[in-house]
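Participant: Line by line, the protein sequences are chains V and D. Positions in the first sequence are counted from 1; adding 9 to them yields this note's numbering. Positions in the second sequence are counted from 1; adding 10 to them yields this note's numbering.
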Amino acid sequence: MTFPPRPWLAGLLASLAVAGAQAADEYSFDAAAFEKKPFELGGFVQFKQEDSALNRDGAFYQLGYFGQPQRASLDRSTATVELTGKLRGGIGTFDFHSHSDLQSDQLGHAQSNVLYEAAYSLRPDPGITLEAGKRTLRWGKGYSWNPIGFVERPKDPNDPDLAREGYAMADADLIYNRDGPLQTVAFTPVLLPVQHDVNSDFGSSGHLNPAAKLYLLYRDTDIDFAWQGQGSRPARYGADFSRNLTSNFEIHGEWARIQKFPKPLTDSQGQVGSKVGNATSYLLGLRYLSENDTTYIAEYYRNGTGYSGQEAGQFYQLVATAFAQLQETGNSALVQRALKLSQGSYGRPNPGQRYAYFRVQQKDALGIVYFQPALTAMLNLDDRSYQVTPELLYTGVNNLDLRLRLYSLRGERFSDFGEKQNSRRLELLMRYYF
Amino acid sequence: MKITLRILMLATLLTAGVTVQAAAIDGAKILEKVDRNLEPESYEAYRQLIDIQPDGSKKEYVLYTIKKGRDKVIALFLSPPSDKGRVTLRLGDNMWLYIPDVGKPVRITSLQSVTGSIFNNADILRIDYTSEYNVAAAEEQPEAILLSLKAKTNEVAYDSLKMWVDKKALLPTTIEAYAASGMLLKTLHFKNVKDFGGGIRRPATLETDSPLYKGYKSVMLWSGLKKGSFSDSIFTLNYLPRIQELRK
């Protein structure tokens with residue numbers, strides 16, 4: 010028995026064949042397109058819109074807006090471009106990371122161009138790296154603070170993952186591996202010069218500052234010992250560790266001591282002195298991932314160079330006295346003195362002595378893949394002031410990050426977060442990678 | 011009496027036969043062969059991860075992977091630009107993630123996913139099955155051998171696996187991954203067996219779906235898989251920022 014030809018059947022089979030071929034093609038992958046190139050360039054462009062409610066009773070608002078028109082709010086737009094690049098040749102690589110931004114708000118415009126990193130590295134062997142140039146070295150295991158971050162600019166606890174500007178230095182990395190409980194030993198020596206036009210914000214000029222870090226992977230625990238010699242800054246040393254207690258539960262800690270640290274202190278009348286002593290800082294933290302993909306990060310930070318509630322209170326009292334005097338007499342000398350102090354250690358993002366940090370973030374919330382809400386809280390344990398930051402992050406569009414954050418600050422008068430410049434800030438960030 | 015004796019003899023023979031049959035399947039040896047058939051003990055390879063969302067939209071990642079010995083693996087993200095330069099390192103049960111902007115490695119867990127896809131870190135940084143699982147049972151089926159695997163420790167991402175192994179090729183065709191509660195977490199489908207050269211013939215496509223992510227699918231494609239020889243110094247936290255320079 011034979012069947013007559015059926016054009017529709019032939020057509021259907023042809024369609025199925027094409028569909029099959031397309032399905033096979035759908036998953037084809039050729040790695041040749043991803044071979045290493047002698048030159049690479051990448052980066053991102055970012056737009057950030059911030060709407061801040063100003064804390065007009067706060068000490069840092071009064072100092073920040075001294076001599077300017079008083080405001081209740083500030084809207085700021087910031088456009089940022091960061092470029093990263095590599096140029097390879099033989100055993101050497103030159104790499105750079107630049108940051109440029111343009112800010113605009115009701116007060117005016119500002120522009121900045123900063124070279125975060127630019128260094129040349131030589132790798133004669135996988136276990137040996139020698140490099141010179143501007144480099145960001147990040148030491149320590151803490152998520153929000155790093156007491157042993159001896160040769161880096163301090164991180165912003167509000168955005169700990171942000172890239173930061175490095176320092177000009179020469180450094181090396183020597184790695185040694187072995188079998189047994191001590192699996193890895195790595196030594197990182199650093200030389201960091203300070204002159205009036207090189208690394209001038211590191212400390213006093215005219216010094217070639219030595220520093221070093223020794224890393225050990227011992228019985229599945231990361232351990233670092235860090236040291237920075239006397240030079241532009243007082244000598245300091247410290248250690249850190251990180252370990253998984255279970256596959257979803259990590260603990261970490263840091264400890265650092267700065268010898269003969271001079272801490273500027275003021276009283277409420279603006280009499281400024283310096284208290285010299287050894288400053289001990291430490292941090293204990295944990296990271297836990299639940300079965301529901303919720304990540305919890307908690308840290309306790311003791312800042313040995315920070316101000317107690319009473320010491321900080323003297324500064325806030327000084328600001329209040331200075332502006333009262335200005336209003337009564339027109340004399341701004343005390344305000345100028347307070348302003349100068351606010352640009353130093355009193356004006357750090359976290360000038361207190363004891364902080365707690367807590368962050369919870371949910372992966373794929375509400376069943377939406379790449380949607381990650383989070384809540385972050387930072388608390389000054391001495392004066393009970395705090396900052397709470399709910400956040401929404403979506404990364405489901407290729408190469409695009411969308412983030413919405415609301416910073417809310419609360420605290421009594423003369424408290425850390427109660428005296429900040431803002432009482433609330435809404436931030437929308439869009440970042441596109443290329 | 012004769013009938014009873016015959017039944018007894020038949021039962022004895024049948025029992026002996028079953029015993030011989032069970033003894034013929036050495037699950038542990040099969041699993042070792044599966045490990046070596048999937049990859050050489052030390053290798054380098056390129057992989058593409060594709061996450062397909064219910065609406066059909068995709069997110070694609072390209073990773074350069076190197077593995078040394080039974081429990082050292084590194085994966086470097088080459089694409090997309092938002093993830094380029096990220097590196098994950100696994101040494102046994104320890105896993106770290108290095109993000110260039112963060113500038114230092116942080117410990118991660120096997121159940122997390124650095125890509126946010128159905129593939130978790132244990133899938134992306136997979137080490138030999140024999141390093142993580144014991145064979146609890148081996149059963150011969152018409153087309154495949156079913157291996158029931160039990161995690162050696164609580165640190166392993168999946169408490170148990172059911173692995174269907176192609177009898178001839180001794181390569182996995184399907185793996186079901188279960189939590190300790192017995193809940194099915196995901197199913198892995200191995201497809202498109204391809205000759206990579208150098209005596210390596212293995213599936214070039216791995217698809218996964220999960221009842222926890224209804225409508226979503228993730229696919230892993232292999233390319234450029236070849237034997238390699240690497241220094242131990244590469245598998246350290248200090249080397250992670252420089253992994254990009256390792257590629258030829």
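No residue lacks a Cβ here, since even glycine has one placed at the ideal position from N, Cα and C. Because the structure is a prediction, the values reported are computed rather than measured.
So, under 8 Å CB-CB, L171 of chain D and E150 of chain D are touching, yes? Tell me the CB distance rounded to an integer number of Å.
Facilitator: Between E150 of chain D and L171 of chain D the Cβ distance is about 18 Å, and since that is not below 8 Å, they are no contact.
Participant: Straight-line CA distance for Y246 of chain V to W148 of chain V?
Facilitator: Distance between the alpha carbons of Y246 of chain V and W148 of chain V is about 12 Å.
Participant: Going residue by residue through the stretch 386-421 of chain V, where are the continuous beta strand (DSSP E) segments of at least 3 residues, counting only ones entirely within it?
Facilitator: Those beta strand (DSSP E) runs which fall completely within the stretch 386-421 of chain V and span 3+ residues are 395-403 and 409-419.
Participant: For R412 of chain V, I'd like the list of residues in its chain whose CB is within less than 6 Å of its CB, leaving aside the five on either flank, ordered along the chain.
Facilitator: Closer than 6 Å at Cβ, skipping near neighbours: L402 and L438.
Participant: Would you check if the distance between the CB atom of I118 of chain D and the CB atom of D170 of chain V is smaller than 8 Å?
Facilitator: Cβ atoms of I118 of chain D and D170 of chain V: not closer than 8 Å.
Participant: In the DSSP assignment, find the unbroken beta strand (DSSP E) run with V116 of chain D in it and report its ends.
Facilitator: P115 to I118 is the extent of the beta strand (DSSP E) around V116 of chain D.
Participant: Taking 8 Å as the CB-CB limit, is Y139 of chain D close to chain V?
Facilitator: No, Y139 of chain D does not count as interfacial toward chain V.
Participant: Contact criterion: CB-CB distance below 8 Å. Does N431 of chain V meet it with respect to chain D?
Facilitator: Judged by the 8 Å Cβ criterion, N431 of chain V is not in contact with chain D.
Participant: Skipping 5 residues on each side, what residues in its chain have a beta carbon closer than 7 Å to that of G79 of chain D?
Facilitator: Same-chain partners within the cutoff: E51 and S52.
Participant: Using DSSP with H/G/I as helix, E/B as strand and the rest coil, what is Y355 of chain V?
Facilitator: Y355 of chain V falls in the helix class under three-state DSSP.
Participant: Residues in the stretch 239-250 of chain D with C-beta within 7 Å of chain V's C-beta atoms, listed in sequence order?
Facilitator: Those residues of the stretch 239-250 of chain D that come within reach of chain V (Cβ to Cβ, closer than 7 Å) are S241, D242, S243, I244, T246, L247, N248 and Y249.
Participant: Enumerate, from N- to C-terminal direction, the unbroken beta strand (DSSP E) stretches of 3 or more residues contained entirely within the stretch 192-239 of chain D.
Facilitator: Those beta strand (DSSP E) runs which fall completely within the stretch 192-239 of chain D and span 3+ residues are 194-207, 210-219 and 227-237.
Participant: From the DSSP output, which residues share a beta bridge with R242 of chain V?
Facilitator: Its beta-bridge partners do not exist; DSSP assigns none.
Participant: Taking C-alpha atoms, which residue in D:E165, D:L256, D:M173 and D:Q122 lies nearest to G102 of chain D?
Facilitator: Closest by alpha carbon: D:E165.
Participant: Applying a beta-carbon distance threshold of less than 9 Å, which residues of chain D neighbour A172 of chain V?
Facilitator: Within 9 Å Cβ-Cβ: P110, D111, V112 and G113.
Participant: Using CA coordinates, which residue listed in V:Q336, V:A288 and V:G262 is at the minimum distance from A244 of chain V?
Facilitator: The residue with the shortest Cα to Cα distance from A244 of chain V is V:A288.
Participant: Answer yes if the stretch 35-48 of chain V comes into contact with the stretch 231-239 of chain D, meaning at least three C-beta pairs across the two stretches below 8 Å, and no otherwise.
Facilitator: Touching, yes, given that three or more Cβ pairs across the two stretches are closer than 8 Å.
Participant: So that I know if they touch, is there some Cβ in chain V lying closer than 8 Å to that of D103 of chain D?
Facilitator: Chain V contact via Cβ: present.
Participant: Strictly below 9 Å CB to CB, what residues from chain V border L231 of chain D?
Facilitator: Those are Y36, S37 and F38, listed as they occur along chain V.
Participant: Kindly list, in the order they appear in chain D, the residues whose Cβ is closer than 7 Å to that of K143 of chain V.
Facilitator: By Cβ distance, chain D contributes nothing, its closest Cβ being about 13 Å from K143 of chain V, past 7 Å.
Participant: Tell me, to the nearest whole angstrom, how far the beta carbon of L292 of chain V is from that of Y309 of chain V; I am working on the premise that it is less than 8 Å.
Facilitator: That belief holds up - the Cβ atoms of L292 of chain V and Y309 of chain V are roughly 7 Å apart, short of 8 Å.
Participant: Determine whether the Cβ of P135 of chain V lies closer than 8 Å to any Cβ atom of chain D.
Facilitator: Chain D contact via Cβ: present.
Participant: So who's on the other strand from K150 of chain V, going by DSSP bridges?
Facilitator: For K150 of chain V, which the question treats as bridged, DSSP gives no partner whatsoever.
Participant: Does the beta carbon of R147 of chain V sit closer than 8 Å to a beta carbon anywhere in chain D?
Facilitator: Yes - at least one Cβ of chain D is within 8 Å of the one on R147 of chain V.
Participant: Hey, could you find the ends of the alpha helix (DSSP H) I134 of chain D is sitting in?
Facilitator: I134 of chain D -> alpha helix (DSSP H) spans N131 to I134.
Participant: Within a Cβ cutoff of 6 Å, which residues of the same chain sit near S394 of chain V, ignoring the five residues on either side of it in sequence?
Facilitator: These residues qualify, in order along the chain: G420, S424, D425, F426 and G427.
Participant: Rounded to the nearest angstrom, how far is the Cβ of F87 of chain D from that of K77 of chain D, given a contact under 8 Å?
Facilitator: Going by Cβ atoms, the distance from F87 of chain D to K77 of chain D rounds to 16 Å, so no, they are not a contact pair.
Participant: Listed from N- to C-terminal order along the chain, which residues in the stretch 189-219 of chain V have their beta-carbon within a distance smaller than 8 Å of any beta-carbon of chain D?
Facilitator: Taking 8 Å as the Cβ-Cβ cut-off against chain D, the residues of the stretch 189-219 of chain V that qualify are Q192, T193, A195 and T197.
Participant: Against F48 of chain V, what residues of chain D qualify as contacts under a CB-to-CB distance less than 8 Å, listed in chain order?
Facilitator: Residues of chain D passing the Cβ test: none, with the nearest at roughly 13 Å.
Participant: Could you tell me which of V:E49, V:N407, V:Q334 and V:G240 sits nearest to L96 of chain V, measuring between CA atoms?
Facilitator: Answer by Cα proximity: V:E49.
Participant: Classify F205 of chain V: buried if its beta carbon has 16 or more other beta carbons within 10 angstroms, exposed otherwise.
Facilitator: First, the residue type needs correcting, since residue 205 of chain V is His and not Phe in the sequence shown. Classification of H205 of chain V: exposed, given that the 10 Å Cβ count is below 16.
Participant: Could you confirm whether any beta carbon from chain D is found closer than 8 Å to the beta carbon of G51 of chain V?
Facilitator: Interface residue, yes.
Participant: Would the beta-carbon of G238 of chain D fall within 8 Å of that of E54 of chain D?
Facilitator: Cβ atoms of G238 of chain D and E54 of chain D: closer than 8 Å.
Participant: Pick out whichever of V:A386, V:F443, V:L295 and V:F258 has its Cα sitting closest to the Cα of Y366 of chain V.
Facilitator: Ranking the options by Cα distance to Y366 of chain V, first place goes to V:A386.
Participant: Excluding the 5 residues preceding and the 5 following Q334 of chain V in the sequence, name in chain order all residues of the same chain whose CB lies nearer than 7 Å to its CB.
Facilitator: For Q334 of chain V, where only same-chain residues beyond five positions count, the Cβ hits under 7 Å are N340 and L343.
Participant: Going by Cα to Cα distance, which pick from V:E263, V:D110 and V:S354 is closest to V281 of chain V?
Facilitator: For the residues V:E263, V:D110 and V:S354, the minimum Cα distance to V281 of chain V belongs to V:S354.
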